[in-house]
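Going line by line, the protein sequences match chains A and B. Just so we're on the same page, my numbering is the position in the first sequence counted from 1, plus 683. Just so we're on the same page, my numbering is the position in the second sequence counted from 1, plus 683. The C-beta atom is built at its ideal place from N, Cα and C for all residues, glycine as well.
Number of protein chains: 2
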Amino acid sequence: MFDSMKIERRLDKAAFKALEPKLHEDLLDLQAELIAGRKRSILVLLGGADGAGKGAVLNQLYGWLDARKLRTLTYEAPTCEESARPDMWRYWRDMPAAGEIGIVLGSWYHDVLASHVLDGEGRTRFTERLNAINRFEEMLWREGVFILKLWLYLEPREALARLKALRGKPDRPVVREWEAISGKKQRRHLEAAATEAFRITSTVEAPWIVVPSEDDHYRDAMVGHALMEVLEKAIQPPPPPAPAPEPVKALPDALPKVSILSSLDFSNALPDDEYRARLDIQQRRITRFTQSAKFSKSGLVCVFEGSDAAGKSSTIMRLRQALDPRHFLVHPISAPTDEEKARPYLWRFWRSVPKRGDVAVFDRSWYGRVLVERVENFAAPDEWGRAYGEINDFEHELCEAGYVVVKFWLAITQDEQARRFEERERVAYKRFKLTPEDWRNREKWPLYDAAVTDMVDRTSTYYAPWTLVTAQDKHWCRVQVLTTIADRLEKAAG
Amino acid sequence: MFDSMKIERRLDKAAFKALEPKLHEDLLDLQAELIAGRKRSILVLLGGADGAGKGAVLNQLYGWLDARKLRTLTYEAPTCEESARPDMWRYWRDMPAAGEIGIVLGSWYHDVLASHVLDGEGRTRFTERLNAINRFEEMLWREGVFILKLWLYLEPREALARLKALRGKPDRPVVREWEAISGKKQRRHLEAAATEAFRITSTVEAPWIVVPSEDDHYRDAMVGHALMEVLEKAIQPPPPPAPAPEPVKALPDALPKVSILSSLDFSNALPDDEYRARLDIQQRRITRFTQSAKFSKSGLVCVFEGSDAAGKSSTIMRLRQALDPRHFLVHPISAPTDEEKARPYLWRFWRSVPKRGDVAVFDRSWYGRVLVERVENFAAPDEWGRAYGEINDFEHELCEAGYVVVKFWLAITQDEQARRFEERERVAYKRFKLTPEDWRNREKWPLYDAAVTDMVDRTSTYYAPWTLVTAQDKHWCRVQVLTTIADRLEKAAG
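Okay, structure coming up:
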């Protein structure tokens, strides 16, 4: 692949000087439009041989662009903060906001290539990880993050010569792993792996651009123009919403409705004394498992969804009692902030992924995408339609990284909800919990019912199954939830 | 996943009779539009438990639809014809034409599931194959083949009971592999694998629809409505061409042009006597390798592309001389036939994939998509842009199936081409080879030049690299081509 790289390409100083002013001006204009548009962002992945001039390209880009909306994102060996979380966490943390350009050194490809070439990770696993990257990048692209993937290319002989020259310099940049590859055979292995990665991950939306980098002027001009093309795409108005196919409904309208929630047994209840004893047992189990040495390599993510007034908060309180407050955090999820709206919708949840050994509880969660955003038309059908797969991928990443993901739907009947709302209106210290919106939401009960059925059908996976709990009786609900969490922790602890 | 399947769903006879006439009529109307549109086709994958009623559903669909444009595509253990070719060949062979509906029993998922559940193929390989299916289905969808994926679901207990009942019947359908799964543990393994497959391959465009199949009426009504929804999508006018992003050009316009062809050494030549001797040696090598026992498990696919009058035919003739004519076929590729136009563009090449032990030579090939179709605007930018990846996938499948894929670009200079054209005009027996179009094509030389550079850069893979051969001297060219083929065959033979 990229056989044309073997052809020498040069741009002399005069020619570069001739095209540069226009390039500079165009880049600035386009970037200004990107910033004003506040819809899209750009990630420039800058990879390639050592000595090919990644640093020089970076400097050149800072010279050409408005640096206030430009960020360098450098990733090296994971810091303690980073290695305490799933691999992709650090890239999510730094996701540029709409209008921004992030230049990435040491992208998600780096680790995949290093594991394969240096640590001998097998070819199938290598391919699997590249396919996961494809899904990740597709999601970013659909969420408005445009990706420019640049590979600065040097002929192997030239690369070795430059590496040698670099070694002599005292103020040279940080040593990178690729330098460990000195043998000819290993070099060829790296090149083969890189072309395989290019093959699998060169999508129409984000293909790899290989930049011949022997000549500095040619390299910089080509990078500048490639960035210009991506900017041009990123400032286009988004395509009309219609063409994306509406996800097939799980259940045609003509057929009798099925509601997974109505199939639950709402008569479940626990008498007072039994409740206290069983709650105590489950809390102790949870304390024991979360304080074990093994848990420090794991982590617990709990999702609480449910009807309004089903008792999420009071259940979470019982969980909290069992946990060390230094390693426990509740994330109440309501409307996204400006910062969150400027990024892919999963960003706000990735930033709250706990470090290993910690517990994060989400009081409402990413499932808002397929619940409230679907019901209220905040998300288009193709957006919530693809979210099932994106959410499954997200939870898969958490589980692969060793986390235990437990998800609850707390269910009450419509009558019971009315009773609780009225109680909230009556009792002064409960009144703050009730908003006019709560009453309004009740009217959409059948829509939520259908959305919950789809959600459970499509996102209850073997690694992160849903647990539907009837919360008509709060005691029953709390004990069920805590027992499920304890069971899952026990199972994960082996 | 699909937890809501546990809820009983029924539709009594009266209710079914009430909704059926409208369903029947709607299906026929929509199908008529699909047929009249001649743009899209539909594949209905019908999978699920034995005894869930795949046959009954099939009969019902024949009852509802215009059977002239409906085909049942049943795949069981591969026939000799099928097992002599790559796995996907049989599905390509039967690809429905635009306007047709194909109902698939034993789809590409069947083998992937069976290998994993019954033959113990590992999880990583399983995932890899599912990802390959995703790429395949995305390509089909983009080419106008809509896919409806139905899984007829039965509770395991009900499934076992039906299986038992089936066993007693004398005229029961063919035994399938799933019946071999009797143990509870294995059944659960199958269910886990199926949900994993659903998770990975449920895309927005072609999600899995799980159909509760305990009640016949409910099952049939749901299948009918699901098909109706897909038909509705398939008869929509295609989305406007603009929104799909134009693939990034390999080389920005502002930079000096690079042509991989101009970098070749056109002075290569071979004197007459040396030519005969060397040609003879290479032909003998090719004869020897293609007649070895090992080759009967392999196969050879040669692609010849090049400038007009570069000498493709005369080179192919020298290759033919070395081969057994019973196992050798040349496919000259020109404008597609009506039958070919009605299907995804790779179909015409899949149908010509040789069986193992045979040699197929393509005189022009699937690369037309990124050459003439790109240059002449027969394909939209997003179509030829995604073709690089699709072609790489296609050749990857051939190589994985044991074939040797050798690709040649025969290059001559523009001057030499003019000389040969004039000669063709002069010499009577050569005149048939020259058309007015050949002269017209010459004007687009720079466009072809750029297209060839991109093509080689993006599709020269480690498993199927391009070989660029200067054909200024025909002797040189022929010997180079035959040597390359012999070398590749030798390498493949280990």
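Original post:
Is B:Gly907 closer than 7 Å to B:Leu717 when the C-beta atoms are compared?
Top reply: No, they are not a contact pair.
**OP:** Answer with yes or no whether the minimum CB distance from B:Asp686 to chain A is below 7 Å.
**Re:** At least one chain A Cβ lies under 7 Å of B:Asp686.
Original post:
If we count the other Cβ atoms within 10 Å of its Cβ and call it buried at 16 or more, is A:Phe1077 buried or exposed?
Top reply: Result: buried.
Subject >> Test item: CB-CB of B:Ala715 and B:Leu796 under 7 Å >> reply: Not in contact: B:Ala715 and B:Leu796 (Cβ atoms no closer than 7 Å).
**OP:** Note down, in chain order, each residue of its chain lying with its Cβ closer than 7 Å to the Cβ of B:Arg692, except the 5 sequence neighbours on either side.
**Re:** The residues are Pro895, Asp898 and Tyr901.
**OP:** Go through the segment 1084-1146 of chain B residue by residue and report every complete run of the beta strand (DSSP E) that reaches 3 residues or more, in order.
**Re:** Runs of the beta strand (DSSP E) inside the segment 1084-1146 of chain B: 1087-1094.
Original post:
What residue does the alpha helix (DSSP H) around A:Phe809 start on, and which one ends it?
Top reply: Per DSSP, A:Phe809 belongs to the alpha helix (DSSP H) from Arg806 to Arg825.
Original post:
Is the shortest distance between the beta-carbon of B:Asp1140 and the beta-carbons of chain A less than 7 Å?
Top reply: Judged by the 7 Å Cβ criterion, B:Asp1140 is in contact with chain A.
Original post:
Where does B:Leu876 sit, in a helix, a strand or coil, going by DSSP?
Top reply: A small fix is needed here, since residue 876 of chain B is Ala in this sequence, not Leu. Note: B:Ala876 maps to helix in three-state DSSP.
Subject >> Euclidean distance between Cα positions of A:Gln740 and A:Val727 >> reply: Looking at the sequence itself, residue 740 of chain A is Val, so the reference to Gln does not match. Approximately 11 Å between the Cα atoms of the pair.
Original post:
What are the residues of the segment 864-887 of chain A that lie near chain C, defined by any Cβ-Cβ distance shorter than 8 Å?
Top reply: Structure shown: chain C not included; protein chains present are A and B.
Original post:
According to the Cβ coordinates, are A:Lys1157 and A:Gly994 closer than 7 Å?
Top reply: Yes, they are a contact pair.
**OP:** Consider the Cβ of A:Asn814: report whether some Cβ of chain B lies at a distance smaller than 7 Å.
**Re:** Output row for A:Asn814: interface = yes.
**OP:** Would you check if the distance between the CB atom of B:Asp1121 and the CB atom of B:Asp991 is smaller than 7 Å?
**Re:** Yes, the pair counts as a contact, with Cβ atoms nearer than the cut-off.
**OP:** State yes or no: is the beta carbon of B:Leu1130 nearer than 7 Å to at least one beta carbon in chain A?
**Re:** Not a single C-beta of chain A is nearer than 7 Å to the C-beta of B:Leu1130.
Original post:
Three or more C-beta pairs closer than 8 Å, one from the segment 979-986 of chain A and one from the segment 1022-1042 of chain A: is that the case here?
Top reply: With the cut-off at 8 Å, the segment 979-986 of chain A and the segment 1022-1042 of chain A touch.
Subject >> Reference B:Glu764, options B:Ala848, B:Arg754, B:Lys916 and B:Arg776, closest by Cα >> reply: Ranking the options by Cα distance to B:Glu764, first place goes to B:Arg776.
**OP:** Say whether chain A places a C-beta atom closer than 7 Å to the C-beta of B:Ala1133.
**Re:** No, B:Ala1133 does not count as interfacial toward chain A.
Original post:
Going along chain A in order, which residues have a C-beta closer than 8 Å to the C-beta of B:Met771?
Top reply: Neighbours of B:Met771 on chain A: none; closest Cβ ~18 Å, over 8 Å.
Subject >> Whole-Å CB distance - A:Leu702 paired with A:Ala909, under 8 Å assumed >> reply: Not quite, the Cβ-Cβ distance comes to about 14 Å (not below 8 Å), so this is no contact.
Original post:
In this structure, does DSSP put A:Tyr1028 in helix, strand or coil?
Top reply: Residue state, collapsed to three classes: coil.
**OP:** Pull up the distance between the alpha-carbon of B:Phe1045 and that of B:Ile1016, whole angstroms please.
**Re:** Taking the straight line joining both Cα atoms gives about 7 Å.
**OP:** Buried or exposed for A:Lys1174, please, with buried defined as at least 16 other CB atoms from any protein chain shown within 10 angstroms of its CB.
**Re:** The residue is exposed, with fewer than 16 neighbouring Cβ atoms inside 10 Å.
**OP:** Please confirm if A:Asn951 has its CB atom under 7 Å from at least one CB of chain B.
**Re:** Chain B contact via Cβ: absent.
Original post:
Which of helix, strand or coil does DSSP assign to B:Leu729?
Top reply: DSSP places B:Leu729 in the strand class (E or B) of the three-state scheme.
Subject >> Interface partners of B:Ile690 on chain A, CB under 7 Å >> reply: Annotation: Cβ neighbours of B:Ile690 in chain A (cutoff 7 Å, chain order): Val941, Ile943 and Ser946.
Subject >> chain B contact for A:Met905 (CB, 7 Å cutoff) >> reply: Closer than 7 Å to some Cβ of chain B, the Cβ of A:Met905 qualifies, so yes.
Subject >> Cβ shell of B:Thr1096 (< 7 Å), same chain only, five flanking positions each side left out >> reply: Phe949 and Gln1155.
Original post:
Apart from the five residues just before and just after A:Thr970, which ones in its own chain have a Cβ nearer than 6 Å to its Cβ?
Top reply: Here the set comprises Ala1005.
**OP:** Would you identify the three-state DSSP class for B:Arg1057, choosing helix, strand or coil?
**Re:** If DSSP states are grouped into helix, strand and coil, B:Arg1057 belongs with the helices.
Original post:
List, in order along the chain, the chain A residues whose C-beta lies closer than 8 Å to that of B:Trp1149?
Top reply: Residues of chain A passing the Cβ test: Asp686.
Original post:
Under 8 Å Cβ-Cβ, which residues of chain A neighbour B:Arg808?
Top reply: Close partners of B:Arg808 in chain A (Cβ separation under 8 Å): Thr807.
Original post:
Helix or strand or just coil, what does DSSP make of A:Tyr836?
Top reply: Of the three classes helix, strand and coil, the one that applies to A:Tyr836 here is strand, per DSSP.
**OP:** Output yes or no for whether 7 Å exceeds the beta carbon distance between B:Ala1147 and B:Arg1057.
**Re:** Not closer than 7 Å, so no.
Original post:
Span of the beta strand (DSSP E) holding B:Phe972?
Top reply: Per DSSP, B:Phe972 lies in no beta strand (DSSP E) segment; the continuous alpha helix (DSSP H) that holds it begins and ends at Asp955 to Thr973.
Subject >> Those runs of the beta strand (DSSP E) which lie wholly inside the segment 749-791 of chain B and span at least 3 residues >> reply: Fully enclosed beta strand (DSSP E) runs of 3 or longer: 753-757 and 784-788.
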